[in-house]
Ligand SMILES: Cc1ncc(COP(=O)(O)O)c(C=O)c1O
Ligand SMILES: Cc1ncc(COP(=O)(O)O)c(C=O)c1O
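Here you go:
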């Protein structure tokens, strides 16, 4: 198995980068040359870290709270997160069920690593968040991608899981709301899925990263229907703390112990100042700020979805959350990747090609993010109109 | 290969936790019961983050510099680190050779992942930093532990590497100064090792985390003798920024590209505020603070080494760096792990057993950290004297 002739491992050589990275690089070149590029490709809120959270970070730095913490996070934060489940969902969990992690990224890596050995698989939907495939590949395992479309709102269903389960399948990952589609798994379907996965002897993992950012509906946590599931969440999106690299995972205590041991070795601890800052994210004052931002996102969603539909884009599943619209561009192209390049070069609009989220019908779809101001979205729609209508 | 009957993967089930964690837990119980425990087990500086670094962090928060950054780190920091190699070692590297990571922990994980496929090995010394074994295990690979003792200052040598190389060996990891022994790899030996590893078709990785913290000698960077090697470093130790979770890796540009792609997927980016804070770590004002701390560590080392020797501990390799003394306690015990427990229970001194660093003669050794004030070290030595002399 030695491959000393080539320097990098097969593991590393076949990790994929995001297609959007090249687009982003080109966008920066265009901007450096004076072009006014509208950014609808970005996967993070355009709002700055909320004032009370920033202030808590500054206080922590001043107080010298900058040493390593326990690998599972500071006890106060684990308690605060546990209390949040009661407050928001009426679900009781103990702080020992909460592992604080370096972003949801850290939580997903630990969750997968705690479940899969080499050659095993985690089932998830195509399209889906691309890093999940890479996490599993990194672990000598793989993602079992199940094609999903408008009929099931781009989400796995009980029926699909039953149909696709294999001996190597160790569990199922759902994201609700999903990236790139913004769709939710309905409560009754989540219940059926939880039962099915349990019966198959697998583990259910639910990525609830975009919770809080839902429009016209309240997302339920999967813990309401399956107290044994793994729930992944983050301070990045609803709480607007991307660069602070802080997330968490809720799981049964035994599973947390196993993952904590891995976290000790892999990460030592999550960033300390970020943890103290996050304590301030749950106060009524902060939540008020986040709710106002939610409302702004909702307004942008409505405007963007309507504008795209007016231009002939099919949006077969109305996005109920997150800040993405997964739009069918097949009336304009049969190669959405080429279309994205052309949009950037000719119209100075940056969006993400479907190919970054999977393979199933990926060449039809484009992801628009509404992580920019309404006037920017309006400008993009005008440029699109000009391109299409001439 | 499905093991759905048991919930956690073999990968996870066999990750080890540190023995010192249980000791630490017991130390906290003793403290809660009113005991005055002296902590000589801690692996991080007892100094707060330096004022200019803390101030830079606060400015970054105030300026709203809290979004995701490029996976490789902000360009300014990559440039600053590259410039530091010229300034400190007279070695020219380009910013594109620098990958900023979530701690050296992140750098080590990426370095190993970029080199090993399942079943392959990285050679390293026993005793050594325990997480390295776990990183490799995590990747379905393994550490090839080569016993080292006082004769080679607990470091791998050219001869040992030649003797132990196997077809599965993909590279060699050295730490200079080392944790737990504080010893350095001599320049001529480093040169011979670099040549040997290159000739064997492997990759040399050098953990230079404790650079800056050397006493009476200046550490050279392995880049001086091997421009192709991977060098791992961190803001945690010399720069006193443990909880900020920031480190870096220097490697040839091609290798950096591969690791950057993995970092994009695994981490998204290193913590943002930490990166802006770290920009202030290289100013003359900050370096002056770090140098004063270095001097304090040196005084503690001299005092602790002398005190331990007076009590009959053999310290066969004088620690030249880091903040650890790896002391032979075989005149007092043939089970250093039991000895550590007894030291804690009876004398309220917390230290780390050799078993946390490997297996070779581990039951003879105990690691004392001098990451606490001189008066605490003195107190510990007095308690030890009382225990030994009655
Ligand atoms: C669905 C999903 N999960 C996880 C993540 C990781 O986020 P973070 O590591 O910042 O918490 C993202 C980021 O975009 C995401 O979209
Ligand atoms: C030898 C060695 N390498 C790497 C690390 C990881 O440090 P960090 O991730 O804080 O940079 C440590 C921490 O103690 C260490 O002792």
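Protein chains in written order, with the UniProt record's numbering: chain Z, 1 to 390; chain D, 1 to 390.
Glycine residues also receive a C-beta, built at the ideal position from the N, C-alpha and C atoms.
Counting only the Cα atoms, residue 202 (chain Z) lies some 19 Å from residue 140 (chain Z). For residue 291 (chain Z) against residue 177 (chain Z), the beta-carbon gap comes to about 17 Å, at or over 8 Å, which does not count as contact. Not one heavy atom of ligand 1 lies closer than 8 Å to the C-beta of residue 125 (chain Z).
Under the Cβ distance rule, residue 49 (chain D) counts among the residues neighbouring chain Z, one pair being separated by less than 9 Å.
Flagged as an interface residue toward chain D: residue 265 (chain Z), by a C-beta distance shorter than 9 Å. A straight line joining the alpha-carbon of residue 93 (chain Z) with that of residue 117 (chain Z) spans about 28 Å. Residue 374 (chain Z) carries a helical assignment under DSSP once its states are collapsed to helix, strand and coil. Against chain Z, the beta carbon of residue 229 (chain D) has no neighbour under 7 Å; the closest one sits roughly 12 Å away.
The straight-line gap separating the alpha-carbon atoms of residue 24 (chain D) and residue 73 (chain Z) is approximately 16 Å. If you look at residue 233 (chain D), you'll find it in the beta strand (DSSP E) that goes 230-234. In the DSSP assignment, residue 39 (chain D) is bridged to D:350. Residue 322 (chain Z) places its beta carbon 9 Å or farther from that of residue 314 (chain Z). Nearest to residue 144 (chain D) by C-alpha distance, out of D:151, D:372, D:125 and D:355, is D:125.
Of the residues D:210, D:114 and D:371, the one whose Cα lies closest to the Cα of residue 170 (chain D) is D:114. Residues of the stretch 56-78 of chain Z whose Cβ lies closer than 8 Å to any Cβ of chain D, in chain order: 57, 58, 61, 62, 64, 65, 66, 67, 68 and 69.
Rounded to the nearest whole angstrom, the C-alpha separation of residue 181 (chain Z) and residue 28 (chain D) is 48 Å. Within chain Z, the residues whose beta carbon sits less than 8 Å from that of residue 244 (chain D) are 66, 271, 272 and 273, listed in sequence order. DSSP places residue 276 (chain Z) inside the alpha helix (DSSP H), whose first and last residues are 272-279.
Close CB contacts of residue 46 (chain Z) within its chain, under the 8 Å cut and outside five residues either way in sequence, are with 371, 372 and 373 (chain order). Shortest gap from the CB of residue 140 (chain Z) to any heavy atom of ligand 2: 8 Å or more.
Setting aside the 5 residues that flank it on each side, residue 364 (chain D) is surrounded in the same chain by 328, 329, 330, 336 and 354, each with a C-beta closer than 7 Å to its C-beta; the list follows chain order. Annotation: Cβ neighbours of residue 138 (chain D) in chain Z (cutoff 9 Å, chain order): 113, 139, 262, 265 and 266. Residue 14 (chain Z) counts as exposed, since fewer than 16 other C-beta atoms from the protein chains shown sit within 10 angstroms of its C-beta.
Looking only at Z:204, Z:338 and Z:59, the smallest Cα-Cα distance to residue 108 (chain Z) is reached by Z:204. The beta-carbon distance between residue 358 (chain D) and residue 149 (chain D), rounded to whole angstroms, is 11 Å. This is too long to meet the 8 Å contact definition. Note: residue 126 (chain D) is bridge-paired with D:147 in the DSSP secondary-structure output.
Each residue's CA atom was taken as its position, placing residue 30 (chain Z) and residue 38 (chain Z) some 11 Å apart.
Chain Z places a beta carbon closer than 9 Å to that of residue 7 (chain D), counting this residue as a contact. In the DSSP assignment, residue 165 (chain D) forms no beta bridge with any residue.
Those residues placing their Cβ nearer than 6 Å to any heavy atom of ligand 1 are, following chain order, Z:43, Z:103, Z:104, Z:105, Z:129, Z:175, Z:179, Z:207, Z:209, Z:234, Z:236, Z:242, Z:247 and D:268. Counting only residues of its own chain and dropping the five nearest sequence neighbours on each side, residue 110 (chain Z) has a CB closer than 8 Å to the CB of 99, 101, 249, 259, 262, 263 and 266. Annotation: the continuous alpha helix (DSSP H) that includes residue 86 (chain Z) extends over 75-89. One Cα belongs to residue 77 (chain Z), the other to residue 286 (chain Z), and the distance between them is close to 16 Å.
Between ligand 2 and residue 68 (chain Z), a heavy atom-to-CB distance of less than 8 Å is present. Residues of chain D whose Cβ lies closer than 8 Å to the Cβ of residue 103 (chain Z) are, in chain order, 267 and 268. At a Cβ-Cβ threshold of 9 Å, residue 48 (chain Z) and residue 216 (chain Z) do not count as neighbours.
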